[in-house]
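I have placed the structure first, in the form of structure tokens, so that the comments after it can refer back to it.
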Amino acid sequence: MTTHVQNTRTLQSAIITRLASPFDVSAISALQARVFGPGRFARSAYRVREGHGVMSRFCRVADRNGRLLASLRITEVAIGGTRGAALLGPVSVDPDFRGQGFGTQLISETLADMTSAGIALVVLVGDEPYYGRFGFHPVQRGHIVFPGPVNPQRILAAELIPGALANFHGLITAAPEPAGGGQF
Ligand SMILES: CC(C)(COP(=O)(O)OP(=O)(O)OC[C@H]1O[C@@H](n2cnc3c(N)ncnc32)[C@H](O)[C@@H]1OP(=O)(O)O)[C@@H](O)C(=O)NCCC(=O)NCCS
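Start counting the sequence shown at 0; every next residue gets the next number (numbering that gives the first Met the number 0).
Written as structure tokens, this is what we have:
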């Protein structure tokens, strides 16, 4: 009996990471509002996504008993008209749950998913001291262009296919989902 109760407690407090579903949209929006405030709409990822679906097949969340603790959004993009790349961000971790590895777990799992799916290049605007550990490096100034103002030193890319960066040059735009894709 004791064992059963303990197991139940363990299950109730388990934190899992999983792909996001349409049911997560409002909780993800609320988390992002809490983490970034009204300034979130000026962020690069929002500007690239403007007018496109709110989530892609790679978006991922961490939750505990239905409470969303962290989310990672991915937008499939074309760069200079070439498809096969993705824009990572934002990553949002509930302030009460930071420094516990959720950001790392979501990013690592999502990069693995995208590698399996054949995504060649992942781009983001962020801090190299954090994202460097996942294989992101600064991109040469002017190589990838964002639709709005961006600090060029914060444009980072990770090649999921070695050498891919050379094939992606120019303006970054949201790409329509591939046939059979899961834009929702
Ligand atoms: C940045 C963020 C996603 C990290 O998620 P997290 O779950 O707290 O981080 P993890 O537990 O996976 O990793 C913690 C490590 O990252 C480091 N770290 C966190 N933010 C960092 C930053 N901006 N620059 C450098 N290192 C950073 C921590 O110092 C810690 O280092 P350690 O492993 O050497 O101790 C989270 O803090 C967050 O949501 N921040 C506010 C929103 C934000 O800035 N998002 C990123 C921009 S899109």
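Quick reminder that beta carbons are idealized off the backbone N, C-alpha and C, glycines included. If you're wondering where the values come from, they're calculated on a predicted model, not measured in any experiment.
Problem set entry | In chain order, each alpha helix (DSSP H) run of at least 4 residues that lies wholly inside the segment 143 to 174 | none
Exercise. Can you name, in chain order, every residue of its own chain whose Cβ lies under 7 Å from the Cβ of Ala-173, other than the five neighbours on each side?
Worked result: Taking the first residue of the sequence shown as position 1, residue 173 is located at position 174. Val-47, Arg-48, His-51, Thr-74, Val-76.
Problem set entry | Three-way DSSP call (helix, strand, coil) for Ala-84 in this model | Translated into positions along the sequence shown, residue 84 becomes position 85. In the structure shown, Ala-84 sits in a strand (DSSP, three-state: E or B).
For this session: Measure the alpha-carbon distance for Ala-116 versus Gly-102 and round it to whole angstroms.
Result: For the purposes of this step, residue 116 is taken as residue 117 along the sequence shown, with counting starting at 1. For the purposes of this step, residue 102 is taken as residue 103 along the sequence shown, with counting starting at 1. Roughly 21 Å separates the two Cα atoms.
Exercise. Taking 8 Å as the cut-off, does the CB of Phe-167 come closer than this to any heavy atom belonging to ligand 1?
Worked result: Start at 1 with the first residue of the sequence shown, and residue 167 comes out as number 168. No, the Cβ of Phe-167 stays beyond 8 Å of every heavy atom of ligand 1.
For this session: Take every Cβ of the segment 144 to 151, pair it with every Cβ of the segment 104 to 111, and state whether three or more of those distances are shorter than 8 Å.
Result: no
Exercise. Cβ-heavy atom distance between Thr-91 and ligand 1 below 8 Å?
Worked result: Mapped onto the sequence shown, residue 91 falls at position 92. In the sequence as presented, Thr is not what sits at residue 91; that position holds Ser. Under cutoff, so the answer is yes.
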